[in-house]
Every structure is written in C-alpha cells, then in structure tokens.
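The block underneath contains the structure these notes are about, expressed in structure tokens.
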Amino acid sequence: MLGFVIQRLWQAMIVILAMSVLVFCGVFAVGNPIDVLISPDATQDIRAQVIAQYGLDQPLWRQYFTFFGRMLQGDFGESFVYNMPVTQLILSRLPATLELVLFAVVGASLLGIPLGMYAGYRHDAPAAKIIMGLSILGFSVPSFWIGLVLIMTFAVQLGWLPAGGRGTTASLFGIEWSFLTIDGLRHMLLPAINLALFKLAMMIRLARAGTREIMLTDTIRFARAAGLSEGTVLVRHVLRLIAIPLVTIFGLELGSTLAFAVVTETIFSWPGLGKLIIDSITSLDRPVMVAYLMLVALLFVMINFFVDLAYALLDPRLRRARA
Amino acid sequence: MTQPLLEVSGLKTHFPTAAGIARAVDGVSFTLGRGEVLGLVGESGSGKSVTGFSLIGLVDAPGRIVEGSVHYGGRDLVGLSTAALRRIRGKEIAMVFQDPMMTLNPVLSIATQMRLAIEAHERVSKAAARARSVEVLARVGIPAPESRLDAYPHQFSGGMRQRVAIAIALLHRPKIIIADEPTTALDVSIQAQILAEMKALVDEIGMAMIWISHDLATVSSIADRIDVMYAGRIVEAGPVGAVLRSPRHPYTQGLLESLPSRTVPGEELRQIPGTTPSLTNLPNGCAFAPRCPRADTKCQVMPVESAAAERTWRCHHPETQRSAA
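Chains A and B, in that order, give the protein sequences. If you read the first sequence in the working numbering, its first letter stands for residue 907, the second for the next number, and so on. If you read the second sequence in the working numbering, its first letter stands for residue 717, the second for the next number, and so on.
So, in structure tokens, the structure goes:
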C-alpha cells in the first residue's frame, strides 16, 4: 500500500509539471496582457517600464522558470485586475464553490443511488418507470434553462427562496461558509439543486444498470438461497458490487463540477471560482487564469488519488495487484 | 412407509417468453426421504435446475410456479409468503451452485459472507459467528480455517471456493441440501474429492440431498435413487443401481451409452441424435419421440407413468429384455 501511495505521488508530480508547462504556454498564446493593462495613449517609455516590471521582456523559458519557482512557494503573482495576490484571491473564492459543489454532488449521490437501486430492483414497478423518466429529463434539459426556471418559479413567483448571492455566512476555521446559517442554506438550495440534477440523473442510471445486472448473478441467488433478506442482499451485496463505477463517476463529477460550475454560479450570482475565472478570461487576467488552471489540475490529481484508494478499499482483488 | 421429508407433486414452473410459454418444469413429482440422496439427471435445459430453484421459491421472474405442491415439514412451500420462505432457505433447505467463482461475492471476505448467512437466521455475536464459521470450514476440509477466514474468494482455488460455498450451506445444519452441479466447474481430481466429502457430510449430519447433474457417472457414485428428467418431466425414476443396470426409458439408455467410459477404446463415441426440444414448442406426445430410435405413431400421445418394484418410467416402448430390476 505504501508503495502504491509513493508511486501515485510521483505520477501526480509529473502530471502537475506537465500541466504547468501546458497552462503557461497556453495562456501565453492567448494574448498580450499589456494591451489590457495600460492605456493605449501611454508613452513608449512607460510601456517598456511596465513590460519590464512584469518580467514580460524575458524569453518565454525564463518567464516559465520564474513562474515555476514562485509556484512552488505558493506564489502565483498578483492579479492584474484585483491588485491582490492570486493565491489569496482564489482561496477567498474557493470555499463558496467548494460548499456548493459538495452539497450538490453528495446530495445527488445520496439520493440518486437508492433511487437507482430501487429502479433496478423493481424495474417493472410504476415508480421505477417514473424515476427513469425523470432521469432522462435531468440528462437532456440544459442546466442554464433549469436554473432560470428554478429562479422564475421559486424566487420570482412563489418567493420562497432567494434568487442569488450567498446570504449570511458564518466563520469556521477562519473561512466564511454559507452552510452554517439558515439564510446561507436557503441561498444555497436553488443553485445546489440546479447543479445536482444532472448528477442525480447520472447516479440513478448508473445505480440502476448495475443493480439490474448484479441481481441476475449467481452471487445474489446464492445469498438468497442462504436465507438473506432482500434488504441485506441489496445493502451488503449489491451496493458493494456496484460501488466501483459509482465512486468513479462521483470523483469525476466532483472534479469537473468544482472546476466548471460556471453556468450555475453565473445564473445565481454565486461568488465562487466559476465567476472568477469567467471574469479573468474576459479581462485577460493571466495570473488568475494560470493559478486557476493549476488548481483544477491539482484537484483532479487529488480526486483521482482518493478514487484509487477507494477502489482498493472496495475491491480486494485490486489490492494485491497494486501492493 | 414413514412420511417422506419432502414431497413434490405435479410441480409446474413456466416462463412466459416472447415465443410462448416455456414449460421448464412440467409436472414433476418425487419424494425425498430423510438422509436420502436423490440424483436429478438430465441434459442442459431439461428443467433440473429450475426444479431445484422452484423448491425454495427462487425462480427468476417472470417465471413462476403455476401448479403443484412442495410439501415439507407439514407445509406446502408453494404459495408460502416471501418471509416464510426466507426463514426456510439456508436454515432448513440449503443450496449449493455450480460455479463457486460466481456464487461467492468477490468483494466480501469469507468471514463477512458467513456471518451474513448466520445472521440471516440467528442473532449471534461476531465472535460466536467467527467460531462457528471456523468450525464449519474445518468440517468441509479447509486447512487452517482460522487464518483463511479473513481471506477473499479470489485467494482460494476453485475447489476450496466450492468448499467455502458448501460450508455456508451447512452453517445451519439444514435438513436438505440441493446441490446444483456443484462439481461441474471443477477439475476432475477435485470433483472426486468434493464428491467424496459431500457424501461423507451427508452421512455424518444425516442430511438429505438432491444432487442435480448432467453427469451420470457422478450421480451413480453418490445417489441412492435417480430421477431422469427430459423436457421438464421425469421420464424414469428408481434406485440408482437398478436404473443404471437396466434402464427402461430409451433416453436413459441413450445417456448411459453416451458416457465416454462405456465406449470401447478406438470406437466412435456414441451420442443421442438431435438436440433437446424447445421448451416453448413441445410435441403433444412424448417429448423424446423425435430423437428416439423406438418411436412410432403411439408416441404421439403422452405416455402415462408406469410403475413396478420401486421404479417408474414414462414410455410406450420401455426396454424390458434386460429386466434385472
């Protein structure tokens, strides 16, 4: 197990290194930030001075090494737009996205897996057919539209829930969180539902397909022949057997939602990372873009690592191969 | 005669399919006495496995028992509630399946699987469940059961896995064990071991056993009586020695003659011509008639069951010359 962890850490470092090169060169190719930073009527002297100040007169490889060296110290430079350290800027936005996404993805899984298992177990029941019908809807209706409908219905017409913002936050470990207050939770509910619907549909379909397949195997027949109750069969046998694809999708969805909750955050004016990156792209705020993309790479590397650990916990057959 | 342990009569299990109703089990009757070993023999698709599943109500939907009864312990198991059936499964009547690779859950340790099987019928402490599991594993011939208990199925060989499955079936000392081709997926040498041990266990615990197999050779070495199934019906039944020495039904004869061990070396292997009939489209008369060397117009009508000297057969033209029975 220790060998596995070391091996994965090594791989993670290589991934991060490769990503840093790609991100840096990619963002370099996007455009010249100087045009955005200084007014077009500035003198040539001032222009050269600013370019030198940001180190943009250096060759690309030297700029990269400067960037990489600073990154190792957690320094991504200063935002051109906000005039504050990027690391601080991103960390101030991360909790908002983190709590929203965790709420949505965990909620979708906790709800979707039992619903999907039921739909697979009783695949002929009317309730199962309704669940599956709704899951198709969750898959195919675009989330920006659902977001707008949610606002129209619950915020505008019924007036039950707020249409945007984070609401009141409370502090925990020195970070502001919405989920600690009733008002914050009320603000979080609609965007979380909006984010969760697609994932809910996916979890339902995965759990259903897995359950249907497993229910027909001799493993289940043998468990039933031993007199196990249907509940025990479902929870102890079926859930364990379908867990690997569920964990995989959970990890992937968690990562991609953290990185790209942009649409929902924009619709509900949720001050998270998604809104930050969209603003940075439009204003060519290079340090923010680079730091954000590196953060996304790091998140995926970390999530994949934990998913792999979960595999080993869930399936003993994978333990020996990896050890 | 004393009351049999299990009495199956007129059992019919049908599966509705797009092509019509598949009569997997179509009027099967037999009895099983205490401590008796009954061999249920037939080709694939003859309905022998479905018969086994029907006894404990484990027929996969949309299949269902449409007629008949399974009397056990003063009750008819057909039509019993799911909860009542569940209390019988594993406790009174246990079952072992063909492929131990498929029956054990690959992601749960042997200890967990055995504990779940114990807890299905009793409330026991973890330690007690462990102790009992170790004891039963030792009984089925697992070496060092204490240390093997926490292993997972993939860490066992095929034969050992089947022993574990048998151990799970034996946890509650059932009165009847239904063994559905438990040796088919194993190496020949392991087959012989498992066969011998099953026989010893049955004698030791005093269980009755229904041994389902397509292999007459294994059945002849373990069973007291034999039921030969063809297309959902029992075509011949009787004490194993008598049936195998002088089969009455041409199908039993065909099965016996197609045993490789009965062929003189160098000669071509014999086989029964044709294939098993489609269960959705059975002929009105004897289902074996299209493949039978002795069939004639009489066979268009379903033969009634004849009986003599503990034996029954269902044929218009039974073999009677070698009447050693």
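By construction, the Cβ of each residue, glycine as well, lies at the ideal position given by its N, Cα and C atoms. This structure is a prediction, so every number in the text was calculated from the model and none was measured.
query                                                                                                                          : result
Every unbroken alpha helix (DSSP H) within the segment 966-1038 of chain A, with a cutoff of 4 residues, ordered by chain      : 966-978, 992-1027
Residue 1020/A versus residue 1157/A - alpha carbon distance                                                                   : 18 Å
Residues of its chain near residue 981/A, where Cβ-Cβ distance is below 8 Å and the 5 sequence neighbours each way are ignored : 991, 993
Neighbourhood of residue 785/B by C-beta, 6 Å cutoff - its chain only, sequence neighbours within 5 removed                    : 725, 792, 794
Three-way DSSP call (helix, strand, coil) for residue 895/B in this model                                                      : strand
Contact with chain B by residue 1192/A, beta-carbon distance below 8 Å                                                         : no
Neighbour flag for residue 837/B against chain A, beta carbons, 8 Å                                                            : yes
Those residues which DSSP pairs with residue 944/B across a bridge                                                             : 757/B, 952/B
Chain A contact for residue 732/B (CB, 8 Å cutoff)                                                                             : no
CA-to-CA distance, residue 769/B to residue 936/B, given in whole angstroms                                                    : 23 Å
Inter-residue Cα distance where the pair is residue 909/A and residue 1225/A                                                   : 12 Å
Cutoff 8 Å: residue 788/B Cβ touching any chain A Cβ                                                                           : no
8 Å Cβ cutoff met for residue 815/B and residue 901/B                                                                          : yes
C-alpha gap between residue 1011/B and residue 787/B, whole angstroms                                                          : 36 Å
Minimum Cβ-Cβ distance from residue 1128/A to chain B less than 8 Å                                                            : yes
Burial state of residue 974/A, where buried means 16 or more other Cβ atoms lie within 10 Å                                    : exposed
Chain B contact for residue 1223/A (CB, 8 Å cutoff)                                                                            : yes
Where residue 1004/A meets chain B, residues with beta-carbon distance less than 7 Å                                           : In chain order: nothing, as chain B lies at least about 31 Å away.
Pairwise C-alpha distance: residue 974/B and residue 982/B                                                                     : 14 Å
Bridge partners - residue 747/B, DSSP secondary structure assignment                                                           : 723/B
Pair within 8 Å by beta-carbon distance, residue 887/B and residue 918/B                                                       : no
Cα-Cα separation, residue 955/B to residue 942/B                                                                               : 6 Å
Within 7 Å of chain B by C-beta, residues of the segment 1125-1149 of chain A in sequence order                                : 1125, 1127, 1128, 1130, 1131, 1132, 1133, 1134, 1135, 1138, 1142, 1143, 1146, 1147
8 Å Cβ cutoff, residue 727/B in contact with chain A                                                                           : no
Members of the segment 1208-1220 of chain A that neighbour chain B once the beta carbon cut-off is set at 8 Å                  : 1220
Option nearest residue 1019/B by Cα separation, candidates 746/B, 951/B, 790/B                                                 : 951/B
Buried versus exposed, by CB contacts within 10 Å (16 or more), residue 1129/A                                                 : buried
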